[in-house]
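K.L.:
So for the sequence shown, this note's numbering puts the first residue at 1; every next one is plus one.
Next up is a structure, given as structure tokens.
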Amino acid sequence: MRHYPVNLNIKGKVCVVIGGGRVAERKIRNILLCGGKVKVISPELTGLLMKRVRRGKIDYIQAEYRPGMCKGAFLVYAATSNRKVNAQIAREAERLSILVNVCDSAEESTFILPAVLRKKGITLSVSTDGRFPKKSVRIRDRLRKFIEAGILPNGK
């Protein structure tokens, strides 16, 4: 599948993350870096996510996903460890015309996340259209090394 590359302004927008594990941690970290408002829905959270809840950085609903929980979101991330639940979240988001990233299925996602490198005012995004995420990360990391070594310009 070919994806349309775009950068979104999510500042102040509600981003719902369903799931409370390590994948959710990564998604939430990047949402917060971009100024999004995070609402996480999960029966349990990692220690790091609980710290963010206590500090008021994210809103937390301690519950299993139920239909209707995507309403009002700008973006939804299906980041549970349950394939059927992730598919159900994708269907609901699509029905509500909400962009959705299904962490275990690029095919069910209406958007995917590239590996991103930000350096001195430059943002590089590397994507394999969701087919090989680890390869995207390796390429991004290699580009970072080239920039740090002065082989590629770094925005000066």
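Here a beta-carbon is modelled for each residue, glycine too, at the ideal position from N, C-alpha and C.
Since this is a predicted model, take the numbers as computed values, not measurements.
Please tell me whether R144 and L117 are closer than 9 Å, where the distance is taken between their beta carbons.
P.N.:
The answer is yes: Cβ separation under 9 Å.
K.L.:
I believe L8 touches E25 by the beta-carbon criterion, under 8 Å. Please report the beta-carbon distance rounded to the nearest angstrom.
P.N.:
Not quite, the Cβ-Cβ distance comes to about 20 Å (not below 8 Å), so this is no contact.
K.L.:
Which residues bound the beta strand (DSSP E) around L124?
P.N.:
122 to 126
K.L.:
Just verifying my parser: in three-state terms, what is the DSSP assignment at V6?
P.N.:
Residue state, collapsed to three classes: coil.
K.L.:
Could you compute how far the alpha carbon of C103 sits from the alpha carbon of L96?
P.N.:
19 Å
K.L.:
Tell me which residue opens and which closes the alpha helix (DSSP H) that R142 is part of.
P.N.:
133 to 148
K.L.:
Rounded to whole angstroms, what is the Cα-Cα separation between G130 and L113?
P.N.:
8 Å
K.L.:
So, with DSSP's three-state summary, where would you put N86?
P.N.:
helix
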